[in-house]
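K.L.:
Residues -24 to -1, 1 to 282 in mature numbering (1 follows the signal peptide of the UniProt record, and there is no 0) are what the sequence shown lists, from first letter to last.
Just passing along the structure, written as structure tokens.
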Amino acid sequence: MGLKLNIAGTSLLLLLASAAEVSGDIIFDVTKYGARADGHSDISQALLKAWGDSCSSPVASTVMIPNGTYAFKAEAGWIAFQQIDQFTLSGGGVFDGQGKTVWGRKCPHYAYCKQLPINLRFNFITNSMVKDITSRDSKQWNSHWTFLGINITDSTIETGDDCVSIGDGSEQINIQRVTCGPGHGISVGSLGKYPNEEPVVGISVKNCTLTNTQNGVRVKTFPASHQGIASEMHFEDIVMNNVGNPIIIDQEYCPHNQCNLKSPSRIKLSNVSFRNIRGTTSTQVAVKLLCSQGVPCQDVNLVTST
């Protein structure tokens, strides 16, 4: 199991930095709880103890991981922040998942492939901020969020899959000034694979730059899908540099060629706009709108895209 950090109703900062950068708050230093910066000793218990004491603090507090190289060891997960209000993760540190140790293996022959650790999970987090940290080479996603009302800004993302993947249940997501590439672009979906998926509503992607990505901005749903809704999705002021499929709606998304393409997607897409998207493409088709024949797209607009 991974390390799950829970707290409710208080203000807390997790800082990956030097003590000189901390002021004002009560500080809980993980090295005082036995954590060692030797690069191989598991600091999970030390962090949990520091976190527990911070939860008991009557005032705002800081859990500090000083400069150094620390190790977490877990088979099916790494660090999960959940049920926290007024939380900040900052300090300039790096979460290195050492994903290269498993990326070359063939997953169908390994049971662990469905349980590879995600560097960071954020579940049920409110009024919080993650800034000035790096998530590197996660064995799965670099970070996984269950979210409503999230701002992703001023970030650089280089990956082998989607730079940002917006899943079901996402509402009021604002993505601005993100540099993406290499990767598969910025995507809504894939949607419709599972029953009872929550609607996707209120997605804004603005002032971003994509370079050498497989796709640009994309909405993707499975054919023969379960029923669902995705609406109010707006992509604006985006620069594409040598991007394949710069603008794409794909309601026949089938990454492993094991889909029933004779049955249409049942995800209803509506109120979608692509505005002032410009640059160069690596493919002959710059705009691809492949909507469902069962529940056709409604109110899709392209404005000044070159």
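Backbone N, C-alpha and C define an ideal beta-carbon position, used for all residues, glycine too.
Everything numeric in this text was worked out from a predicted model, so none of it was measured.
Quick one: what's got a C-beta closer than 7 Å to N172's C-beta in the same chain, skipping five residues either side?
P.N.:
Excluding residues within five positions, none has a Cβ falling inside 7 Å.
K.L.:
Would the segment 246 to 257 and the segment 211 to 224 be scored as touching if the rule is three or more Cβ pairs under 8 Å?
P.N.:
The answer is yes - the segment 211 to 224 touches the segment 246 to 257, with three or more Cβ pairs under 8 Å.
K.L.:
Tell me, to the nearest whole angstrom, how far the beta carbon of I41 is from that of G69; I am working on the premise that it is less than 8 Å.
P.N.:
Between G69 and I41 the Cβ distance is about 7 Å, and since that is below 8 Å, they are a contact.
K.L.:
Nearest CA to the CA of N218: which residue from R194, K182, S258?
P.N.:
Selected option, being the one with the closest Cα: S258.
K.L.:
Return the chain-ordered list of same chain residues with a C-beta closer than 6 Å to the C-beta of V279, the five sequence neighbours on each side being excluded.
P.N.:
Cβ neighbours of V279 beyond the five flanking positions: R251.
K.L.:
When DSSP labels each residue in this structure, what does V6 get in the three-state scheme?
P.N.:
Three-state DSSP puts V6 in a helix.
K.L.:
Return the bridge partner residues of A206 from the DSSP annotation.
P.N.:
In the DSSP output, where bridge partners are listed per residue, A206 has V176, L245.
K.L.:
So what does DSSP say about A(-17), is it helix, strand or coil?
P.N.:
With a pLDDT of only 40 at A(-17), under the threshold of 50, the placement of this residue in the model should not be trusted; the figure read from the coordinates follows. Note: A(-17) maps to coil in three-state DSSP.
K.L.:
May I ask which residues mark the beginning and end of the beta strand (DSSP E) holding D29?
P.N.:
Looking at the DSSP string, D29 is not in any beta strand (DSSP E); the run it does join, the alpha helix (DSSP H), is 20 to 31.
K.L.:
Between the alpha carbons of S146 and S246, how many angstroms are there, rounded?
P.N.:
Roughly 15 Å between the two C-alpha positions.
K.L.:
CB F71 to CB L96, shorter than 8 Å?
P.N.:
Yes, these two residues count as a Cβ contact at 8 Å.
K.L.:
Straight-line CA distance for V106 to K238?
P.N.:
In a straight line, the C-alpha of V106 is about 43 Å away from that of K238.
K.L.:
If I measure Cβ to Cβ from Y9 and keep anything under 7 Å in the same chain, skipping five residues before and after, which residues do I get?
P.N.:
Answer for Y9: A22, K25, A26, listed in chain order.
K.L.:
Measuring only the C-alpha atoms, how far is F48 from A56?
P.N.:
Rounded to the nearest angstrom, the two C-alpha atoms are 12 Å apart.
K.L.:
Pick from S33, S111, S104, D5: whose alpha carbon is nearest that of I94?
P.N.:
Among S33, S111, S104, D5, the Cα nearest to that of I94 belongs to S111.
K.L.:
Using the three-state DSSP reduction, which class does G159 fall into: helix, strand or coil?
P.N.:
G159 falls in the strand class under three-state DSSP.
K.L.:
Closest to V154 by CA distance: which of T185, V177, Y170, S249 is it?
P.N.:
Closest by alpha carbon: T185.
K.L.:
Tell me R153's beta-bridge partners as DSSP assigns them.
P.N.:
R153 is not bridged to any residue.
K.L.:
Note down the Cα distance separating A(-5) from V176, rounded to an integer number of angstroms.
P.N.:
Caution applies to A(-5), whose pLDDT of 41 falls short of 50 and renders its modelled position unreliable; the model cannot decide the point.
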